Amino acid sequence: MSGFKKFLLRGNLVELAVAFVVGAAFAGLVKDFASSFITPLIALLGGKPDYTRLAVTIDGTTFPYGVFVTSAIAFFITAVIVYFLVVLPTTKLIERMDRGKEATERECPQCLSDIPVLARRCRYCTAEVVPANEVPSPR
3 MSGFKKFLLR
13 GNLVELAVAF
23 VVGAAFAGLV
33 KDFASSFITP
43 LIALLGGKPD
53 YTRLAVTIDG
63 TTFPYGVFVT
73 SAIAFFITAV
83 IVYFLVVLPT
93 TKLIERMDRG
103 KEATERECPQ
113 CLSDIPVLAR
123 RCRYCTAEVV
133 PANEVPSPR
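In this note's numbering, the protein residues as written are 3 to 141.
Pasting the structure below:
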């Protein structure tokens, strides 16, 4: 029983649970924002008051494509928000933190694969390369 308790209280599992709950709440928020504000704004341009009611009927079968349009708008808004509020700032922060660090890899001049800085031979194309610490500086 103590092993199960340790499993439940591990940091990764708790973080995942919190992320799931926050993500679900965020998804609901974005969907409501899209249906309350974005869809009506688009409807002003297109002349349709509510996209969720748009449907086409073929041989008695109804295809409610308006629901898909609303969901696609919500997905697009979510993707844009996640990119600009999470991915982009995180990438910038990682770049800023890595500025002062020395590189541990470099490109092979033959095949352009990443190889260790001190490598004498490329592990991918087996070309002989001069280790970075032995490269003469241009004068």
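Glycine is no exception: its CB is placed at the ideal position from the N, C-alpha and C atoms.
All values reported here derive from a predicted model rather than from experimental measurement.
- In the three-state reduction of the DSSP assignment, Glu97 falls in the helix class.
- Distance between Lys103 and Thr93, taken at the CA atoms: about 16 Å.
- DSSP assignment within the stretch 17 to 58 yields the following whole alpha helix (DSSP H) runs of 4 residues or more, N-terminal first: 41 to 48.
- With three or more CB-CB distances shorter than 8 Å, the stretch 33 to 46 counts as touching the stretch 68 to 83.
- Remark: C-beta atoms of Val71 and Thr64 do not approach each other more closely than 9 Å.
- Looking at the DSSP output, Phe65 sits in a beta bridge with Val58.
- Per the DSSP secondary-structure output, Glu107 pairs in a beta bridge with Pro118.
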